[in-house]
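These notes concern the structure reproduced below.
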Amino acid sequence: MADVTDKKVDVEHLSSNEDKSHHQHHKDVSGVANLDSARSRGLQPPDIIARLSPEDRVFLEKKLRKKIDLRLLPMVILMYIMNYIDRNNIAAAKLAGLPEDLHLNPDSGEFQTAVSILFVG
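Position 17 of the sequence shown, counted from 1, bears residue number 175 in the numbering used here, the numbering being contiguous throughout.
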């Protein structure tokens, strides 16, 4: 029976003080192993992907990752900041008397539920 360690991909490690000039002809094609394992499970990539060389595929994956990062991360950061501001505002509102103004029962836990919703959201 094949062990998981039998399927490891050979990786070349360089220390920072080694001369890297003679290693320039090596390309990072670590994602190709995933394509081969997908094919072994019976999954086939679309024709446009299957025709790409491993180097082109890695280049396009990096380009796609950068595009996703540039579009998605600013929105995620903005949502995180807004969530932080909301949680701080509801804490300040409690100190300013929000539960009394809304006639919330201190024993009911309604205010804690609202804070929990903001924390999860």
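All C-beta atoms in this analysis are idealised placements derived from N, C-alpha and C, irrespective of residue type, glycine included.
Would you check if there are 3 or more beta carbon pairs closer than 8 angstroms linking the segment 267-277 to the segment 240-253? yes
Expressed to the nearest angstrom, what Euclidean distance is found between the alpha-carbon atoms of residue 244 and residue 235? For this step, residue 244 is matched to residue 86 along the sequence shown. For this step, residue 235 is matched to residue 77 along the sequence shown. If you take the alpha carbons of residue 244 and residue 235, they lie about 14 angstroms apart.
Helix, strand or coil at residue 222 according to DSSP, with G and I counted as helix: Here residue 222 is taken as the residue at index 64 of the sequence shown, counted from 1. Three-state result, residue 222: helix.
DSSP three-state assignment for residue 204, whether helix, strand or coil: Along the sequence shown, read from residue 1 onward, the residue named residue 204 stands at position 46. Note: residue 204 maps to coil in three-state DSSP.
Closest Cα partner of residue 277 within the set 216, 253, 239: By one-based count along the sequence shown, residue 277 stands at place 119. Comparing Cα positions, the closest option is 239.
Can you give, in chain order, each stretch of the alpha helix (DSSP H) that sits fully within the segment 249-277 and has at least 4 residues? Here the runs fully enclosed are 256-259.
Rounded C-alpha distance that separates residue 227 from residue 218: Along the sequence shown, read from residue 1 onward, the residue named residue 227 stands at position 69. Along the sequence shown, read from residue 1 onward, the residue named residue 218 stands at position 60. Approximately 14 angstroms, taken between the alpha carbons.
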